[in-house]
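This report refers to the structure that appears directly beneath it.
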């Protein structure tokens, strides 16, 4: 029992140290999944709507703000540059509709393990990637929503508190 207590204490200590680490640069209608290996060129849109974002084992996205042009196709590439498996440190990208409470959505998503932490039948999502782990990449294509400010997050349990940002459509 004592060993178990030390193990738990060690785990949380490492988690706190990792969370305080160095600073880095920061199936819904109209979108589809695409495997990166099958994508040679993204010529369907100009570069402003071609977004590449990375995620890592420190629970951080490389960007906390994304700007795209309204009325155009968005091609979003998510790369997991960490070393941990998706069962331990999985990441996805979820773009929420305006007015959706990020915390409430994140809590609801945490109970949807059987659907890669995407609540079944949710009407709160504009687009999302699949859940990926170390070394994996996923690409989605979707139409940019109306001009305005939206929120995005990783819906893996607890990640939304650190892995979130603004998606601005101009």
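Residue numbers (this note's numbering): 220 to 389. Think of the CB as a built atom: it goes at the ideal place given N, C-alpha and C, for glycine as much as any other residue. Because the structure is a prediction, the values reported are computed rather than measured.
By the neighbour-count definition (other C-beta atoms within 10 Å, threshold 16), residue 340 is an exposed residue. Bounds of the beta strand (DSSP E) holding residue 361 are 356 to 362.
Contact check between the stretch 341 to 348 and the stretch 277 to 288: fewer than three CB pairs, one atom from each, fall below 8 Å, which does not count as touching.
Restricting attention to 378, 274, 384 and 304, the CA atom closest to the CA of residue 336 is found in 378. Residue state for residue 283 is assigned as coil, using DSSP reduced to three classes. The beta-carbon distance between residue 352 and residue 303, rounded to whole angstroms, is 7 Å. This is short enough to meet the 8 Å contact definition. Taking 8 Å as the cut-off, the beta carbon of residue 368 is found no closer than this to the beta carbon of residue 383.
Between residue 291 and residue 268, the C-beta gap is smaller than 8 Å, which places the two residues in contact. As a beta-bridge residue in DSSP terms, residue 274 pairs with 280 and 299.
Out of 288, 330 and 294, the CA that lies nearest to the CA of residue 376 is found in 330.
The DSSP-derived three-state label of residue 369 is strand. The Cβ atoms of residue 315 and residue 324 lie closer than 8 Å to each other.
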